[in-house]
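See structure below.
There are 2 protein chains.
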Amino acid sequence: MSGKLKVEQVSGFPEWLPNMRLAEQRFISTIQKQYELFGFAPIETPAVERLEVLTAKGGMQRQIFTVGKPEADDATAELALHFDLTVPLARYVVQHADKLVFPFRRYQIQKVWRGERAQRGRFREFYQCDIDIIGRGKIDLIHDAEIPVVINSTFEALKIPPFKIFISSRKILAGLLKTQGIIPGDPSGQFVAVLRAIDKTQRDGAEKTREALVAENTPAELIPAIVDLAQCACLDDARRVLKNAKADLIGVEELAIVLRSAEKLGMPADRLGPNFTLARGLDYYTGTVYETFITGKEAWGSVCSGGRFDDLAEYFTTQRFPGVGISIGLTRLFNLLVESEYVDVSTHTPTKVLVAMQDRAKFLDDYLGIARRLRESGIPAEVYLDPDRLSDQIGYASDKGIRFALIAGEREFSLDLHDGEPVVQVKDLLHQSQEQVSEAELPKYIRRKLEEPTNL
Amino acid sequence: MSGKLKVEQVSGFPEWLPNMRLAEQRFISTIQKQYELFGFAPIETPAVERLEVLTAKGGMQRQIFTVGKPEADDATAELALHFDLTVPLARYVVQHADKLVFPFRRYQIQKVWRGERAQRGRFREFYQCDIDIIGRGKIDLIHDAEIPVVINSTFEALKIPPFKIFISSRKILAGLLKTQGIIPGDPSGQFVAVLRAIDKTQRDGAEKTREALVAENTPAELIPAIVDLAQCACLDDARRVLKNAKADLIGVEELAIVLRSAEKLGMPADRLGPNFTLARGLDYYTGTVYETFITGKEAWGSVCSGGRFDDLAEYFTTQRFPGVGISIGLTRLFNLLVESEYVDVSTHTPTKVLVAMQDRAKFLDDYLGIARRLRESGIPAEVYLDPDRLSDQIGYASDKGIRFALIAGEREFSLDLHDGEPVVQVKDLLHQSQEQVSEAELPKYIRRKLEEPTNL
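These protein sequence lines are chains Y and Z, in that order. Using the numbering used here, read the first sequence as starting at 597 and increasing by one per residue. Using the numbering used here, read the second sequence as starting at 597 and increasing by one per residue.
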């Protein structure tokens, strides 16, 4: 065959080498384990939904990847890749409501696709790791406090740098705006315009927010109160602003309950705090909202966000399914942590022990037996099966970041020499050391070594 | 809002309730663990490849789902969902060859998409679980023996019913056909026609194969030998047929080496055997081929298939990357095993213990503390946070298949009553029994109970 196909990455679709994928997989299974410890059950929805399901809420149309067959096919004419896991969850809950037990605690770790212009740090395919607690008809406010507790445990288990979860309630701003008749879903677009303006305070400062509000024709009576609110540092400050404006205090009182409950549920006080600039652009949140920042890496943006929605599935049913949840944007977070050297990516294989073959013809069975016993005790082990020189075999182990290489031949397997017990030479490629270990002791020895902190 | 969107499944895209997804996830992590024990490293490739990469080999065009944006966008104009994990592997190996260590042992567990007409047991979205060992330039025949050993360990760990891996080599038939000048890639299509005819012998019998060969205009001199070969039971039978036809014996001798090596590597003799009807339609195999059948469920078809290819990446590069691998069609196998009641799908949550709240106002901290200590010892635990009656709380545990419910109040937490130690009532909802356990002993007690075989 002549002309070969060019091999190139499609931009925005990340692909890792095995060392990165191993680390990403450790991340994912740590998250999964923490979510399960708190009783969240896994679900997975198809990558593909009907286009009208995905566009029901509007807003995302321009980013949707459609899916179809080259030859027209009615059944696939209107399909597309999901762009988040919340819309599929809404469809799932309605579709299977009669077979689910409520409160329905589900987690979902899947890739999502967004047809954004590819740019540094923006992916078109990425993992989201979501938890949500969905009620049928109602869901107690204490679950709003539970969500940050789960995320705290998860981030602790991931051993990522110090972080803080910021929390607010949409109802606070809603109460303030209602004093001038502005309500959510307002056809004037005022409600969303104010959300967007206040959301920028942290990055651009209060003066920019004021200018944005003026530009958006926000009623002049409201502007000072909104700007004040955005700068409040604590609940009492916010209460004062709302009282002065004769606004409803329900939002701030609910937030107070959530903060107190979270502390009772074991949330460290320094990792959760109110932030009244937090509004979140998405229009489905109706109460509590969360964003999470890595301390000192605020420029990364929020790495874990979410909130409460009074009605998850309003586009599909008249039944009410209120819920609260949060999503870790895993691919982005993982990639940033690797770039900042927070993640160990030194091994390219799960293998912990390479059994080298010094004399394949004579001792094949012995080498295979050693590997089998290591695996039986849960230690990933490979026998170097190709007929290459010993130095190449050790080179292979070293290139892949395999920690131990075992070497044994005539001398090691000779029963006369070692009190009737075969031994092996264990080369520790990480510490550049070598020890002689009896074959019977080997699995225990390796396990102990792997559990010791490495001194590098 | 009026008119609600209809909620319905897109046919061919399976979606499980949490109990099924929990079981599927156990399957996947068992497979993953076994693959890793044998030193296969994980990779993941994007769901999306360039269309020309997917169609390079031909054959699958009609089943490919293309991906695009509603508004034309050059960068996404020619993208499609992958239909297997072998083509992406080929592209990955060429693209990253200089950063990989060979032999490259990789596993890949991902969904693939095929636009087939949906029908019972045929999915358009399903999981494949692949392992492959790829060499650069060369790869020793012993790896052909290693593949069934890994699958044997994996299927044992999955605790599925008895199975047998059938093995043959493309070279056997190739040697026979070469005696009449028919070679792979023959423009007459004879080579592939014979493969397809012989592949059907097991299901339809030797007479049908003969008829198919006649219909395909296979040279008359060859037909008796092909039909004889298809009916051979052992290597010696095959050697005799080939010798009579004056055909090359390399295929049968290589197969003999693979079978002997597999036995040495620990493969039970009754789970691996030659089958000369096995040809596999796909045109990229060049040597060993495998298929796996569940004993007594042969009608399910092969649940795990693969083989050796002399050149994985010929469409992308002039470098040679020979390899050998196999793929478990997980979604189909899992679904069939569930339908045949081989899989436990009785729990709808990972939660093992529900901490009920008898007196939320007074003992909230105690309930939360109990749950926290259970989680700290790795036991998934939930506190029932909503203010519902005790009977509703127990009902929730029972509906979700949670094994234990803990009940404690004034009497249990009173230090005077229990030698200065608080206790809890542990309801075992599986065995309908109840025991009083000291709070300090609780994690150990639960762990022990979970490890005991259930007597139901």
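Every residue, glycine too, gets a C-beta built ideally from N, C-alpha and C. Since the structure is predicted, the reported quantities are computational estimates derived from the model, not experimental observations.
| message | Considering just the uninterrupted stretch of the beta strand (DSSP E) at residue 949 of chain Y, what are its terminal residues? | response | Unbroken beta strand (DSSP E) run through residue 949 of chain Y: 949-951.
| message | Tell me the DSSP secondary structure of residue 708 of chain Z in three-state form. | response | Strand.
| request: Could you spell out the range, first to last residue, of the beta strand (DSSP E) harbouring residue 870 of chain Y? | output: Where residue 870 of chain Y is concerned, the enclosing beta strand (DSSP E) stretches over 868-870.
| Using 8 Å as the threshold, is the segment 966-973 of chain Y in touch with the segment 780-796 of chain Y, meaning 3 or more CB pairs across them? | Counting C-beta pairs closer than 8 Å gives fewer than three between the segment 966-973 of chain Y and the segment 780-796 of chain Y, which falls short of the contact rule.
| message | Given this structure, state the Cα-to-Cα distance separating residue 957 of chain Z from residue 766 of chain Y, to the nearest angstrom. | response | Taking the straight line joining both Cα atoms gives about 28 Å.
| Once you ignore the five residues that flank residue 687 of chain Y on each side, which residues in its own chain have a CB closer than 6 Å to its CB? | Only residues of its own chain outside the window of five on either side were considered, and among them 649 have a CB closer than 6 Å to the CB of residue 687 of chain Y, listed in chain order.
| field | Cutoff 6 Å; reference residue 1046 of chain Y; Cβ partners in own chain excluding five residues on either side | value | Excluding sequence neighbours, residue 1046 of chain Y sits near nothing in its chain.
| query | Cβ atoms of residue 707 of chain Y and residue 676 of chain Z: under 9 Å apart, would you say? | reply | No, they are not a contact pair.
| task | Look up residue 882 of chain Y in the DSSP assignment and say whether it is helix, strand or coil. | result | Coil, per DSSP.
| request: Would you identify the three-state DSSP class for residue 606 of chain Y, choosing helix, strand or coil? | output: Residue 606 of chain Y falls in the coil class under three-state DSSP.
| said: Run through chain Z and tell me which residues come within less than 8 Å of residue 662 of chain Y, C-beta to C-beta. | reply: What residue 662 of chain Y touches in chain Z: 663, 664, 665 and 666.
| task | Can you say whether residue 734 of chain Y is buried or exposed, counting buried as having 16 or more other CB atoms within 10 angstroms of its CB? | result | Around the beta-carbon of residue 734 of chain Y, fewer than 16 other beta-carbon atoms lie within 10 Å, marking it exposed.
| message | Let me check understanding here. Comparing Cα to Cα, which of Y:756, Y:599 and Y:653 lies closest to residue 936 of chain Y? | response | For the residues Y:756, Y:599 and Y:653, the minimum Cα distance to residue 936 of chain Y belongs to Y:756.
| request: For residue 614 of chain Y, name the three-state secondary structure that DSSP assigns. | output: In the three-state scheme derived from DSSP, where H, G and I count as helix and E and B as strand, residue 614 of chain Y is classed as helix.
| query | Going along chain Y, which residues have a C-beta under 7 Å from residue 739 of chain Z? | reply | Result: 981.
| request: Using a Cβ cut-off of 9 Å (strictly closer), state whether residue 1036 of chain Y contacts chain Z. | output: It does not; no Cβ of chain Z falls within 9 Å.
| request: Find out if the Cβ-Cβ distance for the pair residue 762 of chain Z, residue 864 of chain Z is shorter than 9 Å. | output: Contact annotation: residue 762 of chain Z and residue 864 of chain Z have beta-carbon atoms that are not nearer than 9 Å.
| said: Counting only Cβ pairs nearer than 7 Å, list the residues of chain Z close to residue 641 of chain Y. | reply: In chain order, 611 make up the part of chain Z whose C-beta sits under 7 Å from the C-beta of residue 641 of chain Y.
| residue 915 of chain Z in three-state terms, based on DSSP | In the three-state reduction of the DSSP assignment, residue 915 of chain Z falls in the coil class, being assigned neither a helical nor a strand state.
| query | Does the distance from the CB of residue 539 of chain Y to the CB of residue 1021 of chain Y come in under 9 Å? | reply | With chain Y covering 597 to 1052 only, the question about residue 539 of chain Y has no answer from this structure.
| DSSP-derived helix/strand/coil call for residue 1012 of chain Y | Note: residue 1012 of chain Y maps to coil in three-state DSSP.
| Beta-bridge pairing of residue 703 of chain Y - partner residues as DSSP gives them | Paired residues: Y:638 and Y:727.
| task | Look up residue 827 of chain Z in the DSSP assignment and say whether it is helix, strand or coil. | result | In this structure, residue 827 of chain Z counts as coil in the three-state DSSP scheme.
| message | Quick check on the DSSP output: the alpha helix (DSSP H) that includes residue 994 of chain Z runs from which residue to which? | response | Counted as a single uninterrupted DSSP element, the alpha helix (DSSP H) harbouring residue 994 of chain Z occupies residues 986-996.
| field | Members of the segment 683-694 of chain Z that neighbour chain Y once the beta carbon cut-off is set at 8 Å | value | Cβ contacts with chain Y: 687, 688, 690, 691 and 692.
| task | Consider the Cβ of residue 604 of chain Y: report whether some Cβ of chain Z lies at a distance smaller than 9 Å. | result | Look at residue 604 of chain Y: its C-beta is under 9 Å from a C-beta on chain Z.
| field | Minimum Cβ-Cβ distance from residue 1042 of chain Y to chain Z less than 9 Å | value | Residue-level contact by beta carbon fails for residue 1042 of chain Y and chain Z, as no gap is shorter than 9 Å.
| request: Look up residue 1030 of chain Z in the DSSP assignment and say whether it is helix, strand or coil. | output: It is a strand residue.
| query | By how many angstroms is the C-alpha of residue 955 of chain Y removed from the C-alpha of residue 694 of chain Z? | reply | Taking the straight line joining both Cα atoms gives about 30 Å.
| said: Under 7 Å, CB to CB, which of the residues in the segment 945-971 of chain Y have a partner in chain Z? | reply: Here the close residues are 945, 946, 947, 960, 961, 964, 968 and 971.
| query | Which residue's Cα is closest to the Cα of residue 848 of chain Y: Y:758, Y:639, Y:770 and Y:651? | reply | The closest CA to that of residue 848 of chain Y, considering only Y:758, Y:639, Y:770 and Y:651, is found on Y:770.
| message | Cutting at 7 Å between CB atoms, please list the residues of its own chain near residue 1013 of chain Z, excluding the five before and the five after it. | response | Once the five neighbours on either side are set aside, the close Cβ partners of residue 1013 of chain Z are 1007.
| Best match in Z:882, Z:773, Z:986 and Z:862 for proximity to residue 844 of chain Z [C-alpha to C-alpha] | Check the Cα spacing between residue 844 of chain Z and each of Z:882, Z:773, Z:986 and Z:862: the tightest is with Z:773.
| said: Looking at the strands, I want to know which residues DSSP matches up with residue 1024 of chain Y. | reply: DSSP output for residue 1024 of chain Y lists Y:1000 and Y:1029 as bridge partner(s).
| Nearest-angstrom Cα separation, counted from residue 731 of chain Z out to residue 1024 of chain Z | When the Cα atoms are used, residue 1024 of chain Z and residue 731 of chain Z turn out to be separated by approximately 54 Å.
| Test: residue 597 of chain Z CB closer than 9 Å to a CB of chain Y | Bear in mind that a pLDDT of 44 at residue 597 of chain Z, under 50, signals an unreliable position, so the model cannot answer this.
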